[in-house]
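Taking it in order: structure first as structure tokens, then the write-up.
Number of protein chains: 2
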Amino acid sequence: MTILAEILAVGDELIHGALLDTNSKWLAGELEAAGAVVQRFTVTSDDPAAMREAFAGACARADVVVATGGLGPTLDDRTRDVVADLLGGPLVFDEASWAQVRHWLGSRGRPVPESNRRQALMPPGARPFANPVGTAPGFGVRVDRAQLYVLPGVPREMQVMAKDHVLPAVRSMPGITPLAQVWLRVLGPSEAALGERIEPFMVPGRNPAVGITASGGLLTIRIVGTAPTAAAAAEACEATARELRPLLGAWLFAEGTVELPELVVAAFKARGLTLAVAESCTGGAIANRIVDVPGASAVFRGGVVAYANEAKEALLGVPRACIEAHGAVSEQVAAAMAEGARTGFRADVALATTGIAGPDGGTPEKPVGTVCFAVADATGTKAWTMRIPDLGRAFVRDRAVFESWRVLLQGRGSG
Amino acid sequence: MTILAEILAVGDELIHGALLDTNSKWLAGELEAAGAVVQRFTVTSDDPAAMREAFAGACARADVVVATGGLGPTLDDRTRDVVADLLGGPLVFDEASWAQVRHWLGSRGRPVPESNRRQALMPPGARPFANPVGTAPGFGVRVDRAQLYVLPGVPREMQVMAKDHVLPAVRSMPGITPLAQVWLRVLGPSEAALGERIEPFMVPGRNPAVGITASGGLLTIRIVGTAPTAAAAAEACEATARELRPLLGAWLFAEGTVELPELVVAAFKARGLTLAVAESCTGGAIANRIVDVPGASAVFRGGVVAYANEAKEALLGVPRACIEAHGAVSEQVAAAMAEGARTGFRADVALATTGIAGPDGGTPEKPVGTVCFAVADATGTKAWTMRIPDLGRAFVRDRAVFESWRVLLQGRGSG
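In structure tokens, the structure reads:
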């Protein structure tokens, strides 16, 4: 049996460009790991009619619906009202939830406005969920076909409450189907060429399903399987991966559902090496994404964002003559930056980037998209140049960051 | 008259946690600026039945539907088939689109697999849109109530084609209603306290509508108005803002729909000052977000991510004795880091952060969440300490980054 899940996100701010909905993606990953099959996210404005239609539709189609947002204390927070309306009953004041809201605010020395009382109103029959990290209580209630869970929109509050209340309930549903994933990361072929190579695996209805995703110059083959047990699902995915690997050959350059910076940190940890970076055109993006990896401090010594030439000289010891002779975007300067970072941060390996991300700064010899890289380690320094298509500043930067992950994982040299 | 719009995003990779849907937010902002009212996004898996239901629902409810994704060359790219199925007719091979796909691949020296022919198949009656930056052609076609536009999922391809084909068509629709926004950024009160203060403005159905969004410690009052002309919509929003400002007083600390790093760059540009940063616990996030701002190079000299104590010494000239006497997380070290960055980068203003983001590293005197800041400028150096609630590593970092924007905009001192 399949437990179908849908995810709703409520809020004008998600529609009108103020915030990106990151909750739904997180929830989908957790719900699928728990064994549900997620087929749809819906993001709806605060408009009561639009909300009502979105909630009613999801609760008619799915077994589990998780909604986030619209539980705040102000008048534009309408999720409670819409759910009560769907259930055809009035909101009920929950004394325990109100005590908790007051306790949360009071223990932080904040005033307790009367308008926060709205947060303790519950639709008829709803089971309140305590919020250990904020004021908004959540709740669970049966609506039509679905078990509906309503959580706050603030990500950290939503995540704690999903782990406490939603995921355990989903995992214990009768007939839940465990799901597993294996990802193969591919570099080299076009999406179409890869699709032809693995076409027999991509038929609709196959279990495990095999799909291709293109992102930032990298292709990912996603193998997603379901089975009666988590172990059987994992084994089915691995069996498909065993068939695919020989077809991929040298195209296959990494495996796993983790992000590339996590793979880099894991690889350096495994080799007992430390890393430093000197970034010009990538502007700190490499350092920032490495630091986001839990445990990065064991391998990452630090980084310099050296936009100005003076910064390349003063902080990385790049000789002014080198910049004047070859230009700031040159393999020579990239090499000097990498060596300066390796020395300054006392790291085993240092990577440097210097390039022209655009829109300005291009010349006939060095057009926008020209990026020089260097890696310095105990064996010496190697520098190389990439010509990235000028498809916008963000594209050039992303592609340069990706090349950095590639070289840190695969070794030096141009890909 | 109101033109209702909905946005669809297609792809298993969006549901199963591989990619975050950023297209819908971008499209919503552009469609609303063009005068449409967006009430819903839907993200659907590649499952043909789920896709069909999502497309049929959106095209029954809205006047304009923009869908992204599922136009690639592989068998799991099914948007063309689903739309043809909805229209009850077979796919039609479009010779001009095929010529374009071949030209795009050929001019880049790539092979042209036969499977790319799938991308030249069009639903009956569809008008093909050329893709100037990739292989996947898009199309426009009438489905039920809606004018349906289908674009590739790759953001840069989608954006170019939306600007070329979708937005001009929407702007010329009869009865289109221009929309304007004014955002007031607020720091200080709780969301409930702010809601009480401006409650009379938050009634449903008001035009301009007034709403509150909480994000990263900052509250944003969003004023969104529609009117027969863009100028009248802007004036209506500004009239509401004029009424709100006196109610906010010192809580109001910035205005505008731009992000805080953009406000920082604009403020430094206006004052003719340059900026450098030295980051420990914020890990390059401040530098990275500043560099993302177009034109940042005019004010931003660079940054150092100094995780290790040796890096603080070698690159920023923080005396070892200072670290030993006060600890790496101390106002003294923050001050020395800021002064070192100001000197090294030859910047007018330098900001430094050093703190304990967790989960490890806390002590009774300096618990997780303790962050020291310093700003060095021509008038001297000032350092201060914040105790950020320990709600997770990401929260502490985000809150520290936000404090940095605040101090760079409002001046030194604790908030």
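In order, the protein sequences belong to chains A and B. First residue of the first sequence: 1033, per my numbering; consecutive thereafter. First residue of the second sequence: 1033, per my numbering; consecutive thereafter. For glycine and all other residues, C-beta sits at the position ideal for the given N, C-alpha and C. The model shown is predicted, which means the values in this text are computed figures rather than measured ones.
Worksheet item: Quick one: which chain B residues come within Cβ less than 9 Å of P1275/A?
Response: First, the amino acid is wrong: residue 1275/A is Glu here, not Pro. Per Cβ cutoff of 9 Å: no residues; E1275/A is ~17 Å from chain B at best.
Worksheet entry | 3-residue-minimum beta strand (DSSP E) runs that sit fully inside the stretch 1071–1139 of chain A, ordered along the chain | Whole beta strand (DSSP E) segments, 3+ residues: 1096–1100.
Worksheet item: So which residues on chain A does N1320/B lean against when the C-beta distance must stay under 7 Å?
Response: Ordered by position in chain A, the residues that pass the 7 Å Cβ test against N1320/B are G1315, G1316, A1317 and N1320.
Discussion item. Any contact between the stretch 1259–1274 of chain A and the stretch 1297–1317 of chain A? By contact I mean 3 or more CB pairs, one from each, below 8 Å.
Written reply: No: the two stretches stay apart, fewer than three of their Cβ pairs being nearer than 8 Å.
Practice prompt. From the DSSP output, in three-state form, read off E1397/A for me.
Written response: Reduced to three states, the DSSP call for E1397/A is coil.
Worksheet entry | Cβ-Cβ separation, G1166/A to W1130/A (assumed contact under 8 Å), whole Å | So it is not a contact: roughly 15 Å between Cβ atoms.
Worksheet entry | Where Q1071/B falls, given that 16 or more other Cβ within 10 Å makes a residue buried | With 16 or more Cβ atoms within 10 Å of its Cβ, Q1071/B is classed as buried.
Worksheet item: Hey, does E1371/A have any beta-carbon neighbour from chain B nearer than 8 Å?
Response: Using a CB distance cut-off of 8 Å, E1371/A does not count as an interface residue toward chain B.
Worksheet item: For the stretch 1274–1336 of chain A, which segments carrying the alpha helix (DSSP H) assignment without a break, of at least 4 residues, lie completely within its bounds, in sequence order?
Response: List check, alpha helix (DSSP H) in window: 1292–1303 and 1317–1323.
Discussion item. Any beta carbon of chain B sitting closer than 8 Å to that of I1047/A?
Written reply: I1047/A belongs to the set of residues whose beta carbon lies under 8 Å from a beta carbon in chain B.
Worksheet item: Just the Cα atoms here: how many angstroms apart are A1264/B and A1286/A?
Response: The straight-line gap from Cα to Cα measures roughly 55 Å.
Item to complete: Between the Cα of L1280/B and those of E1231/B, C1313/B and K1057/B, spot the shortest distance and give me the residue it belongs to.
Response: Comparing Cα-Cα distances from L1280/B to each of E1231/B, C1313/B and K1057/B, the minimum goes to E1231/B.
Worksheet item: Quick one: what's got a C-beta closer than 6 Å to E1038/B's C-beta in the same chain, skipping five residues either side?
Response: Apart from the 5 residues on each side of it in sequence, E1038/B sits with its Cβ closer than 6 Å to the Cβ of R1072, A1090, A1094 and V1097 in its chain, given in chain order.
Discussion item. For I1255/B, would you say it is in contact with chain A, using Cβ-to-Cβ distances shorter than 8 Å as the test?
Written reply: Taking Cβ atoms only, chain A never reaches closer than 8 Å to I1255/B, which makes this a no.
Worksheet item: Between the C-alpha atoms of A1382/B and I1255/B, what's the straight-line distance to the nearest angstrom?
Response: Looking at the two C-alpha atoms, the distance is approximately 35 Å.
Worksheet item: Are the C-beta atoms of V1096/A and some chain B residue less than 8 Å apart?
Response: It does not: the Cβ of V1096/A has no partner Cβ on chain B nearer than 8 Å.
Fill in: Listed by chain order, chain A residues near F1427/B by CB distance under 8 Å
In chain order: R1188.
Item to complete: On the DSSP bridge assignment, give the partners of T1245/B in chain order.
Response: DSSP, once it has assigned bridges, lists T1252/B as partnering T1245/B.
Worksheet item: Mind checking Q1442/A: buried by the 16 CB within 10 Å criterion, or exposed?
Response: Counting the other CB atoms within 10 Å of its CB gives Q1442/A a total below 16, which places it among the exposed residues.
Worksheet item: Thinking C-alpha only, which one of R1333/B, N1320/B, A1415/B and C1313/B is nearest A1367/B?
Response: Relative to A1367/B, the option among R1333/B, N1320/B, A1415/B and C1313/B whose CA is nearest is A1415/B.
Practice prompt. Please report how far the alpha carbon of P1391/B lies from the alpha carbon of S1329/A, in whole angstroms.
Written response: In a straight line, the C-alpha of P1391/B is about 12 Å away from that of S1329/A.
Worksheet item: Since P1293/A contacts D1324/A with CB under 8 Å, what's their CB separation in whole angstroms?
Response: Here P1293/A really is in contact with D1324/A; their C-beta atoms are around 7 Å apart, less than 8 Å.
Practice prompt. Compute the Euclidean distance between the alpha carbons of W1437/B and V1296/B, then round it to the nearest angstrom.
Written response: The straight-line gap from Cα to Cα measures roughly 7 Å.
Worksheet item: Is there a Cβ from chain A that is less than 8 Å from the Cβ of R1142/B?
Response: When Cβ-Cβ separations below 8 Å define contact, R1142/B makes contact with chain A.
Worksheet item: Name the residues in the stretch 1323–1341 of chain B whose C-beta lies less than 9 Å from a C-beta of chain A; which are they?
Response: Residues passing the 9 Å Cβ filter: V1323, D1324, P1326, A1328, S1329, F1332, R1333, G1334, G1335, V1336, V1337, A1338, Y1339 and A1340.
Fill in: Under 8 Å between C-beta atoms of P1187/A and A1168/A
No, the pair does not count as a contact, with Cβ atoms beyond the cut-off.
Worksheet item: Are the CB atoms of G1448/A and V1042/A nearer to each other than 8 Å?
Response: Lying outside 1033 to 1447, the shown extent of chain A, residue 1448/A is not represented and no answer is given.
Discussion item. What would DSSP say about V1439/B, mapped onto helix, strand or coil?
Written reply: Three-state result, V1439/B: helix.
Practice prompt. Taking a Cβ distance cut-off of 9 Å, strictly less, list which residues of the stretch 1135–1160 of chain A are near chain B, in chain order.
Written response: From the stretch 1135–1160 of chain A, only L1137, R1140, R1142, P1143, V1144, P1145, E1146, S1147, N1148, R1150 and Q1151 have a Cβ closer than 9 Å to chain B.
Item to complete: Output, in chain order, the set of chain B residues within a Cβ distance shorter than 9 Å of S1355/A.
Response: Checking the sequence, you will find Ile at residue 1355/A rather than Ser. None at all; the shortest Cβ gap to chain B is about 14 Å.
Worksheet item: Is T1411/B helix, strand or coil by DSSP?
Response: Shown here, T1411/B sits in coil according to DSSP, grouped into three states, outside any helix or strand.
Worksheet item: F1377/B touches chain A at which residues, Cβ-Cβ below 8 Å?
Response: What F1377/B touches in chain A: A1340, E1342, A1343, A1346 and L1347.
Worksheet item: On the three-state DSSP scale, how would you describe I1355/A?
Response: If DSSP states are grouped into helix, strand and coil, I1355/A belongs with the helices.
Worksheet item: For Y1181/B, is the beta carbon positioned less than 7 Å from some heavy atom of the ligand COA?
Response: What this structure holds is no ligand at all, so the ligand COA is not there to describe.
Discussion item. Cβ closer than 8 Å: which chain B residues qualify as neighbours of L1107/A?
Written reply: Chain order gives the chain B residues near L1107/A as G1227, E1231, M1234, V1235 and P1236, where near means a beta carbon separation below 8 Å.
Worksheet item: Residues of chain B with CB under 7 Å from I1035/A, in chain order?
Response: Contact annotation for I1035/A against chain B: no contact, minimum CB-CB distance about 15 Å [criterion: below 7 Å].
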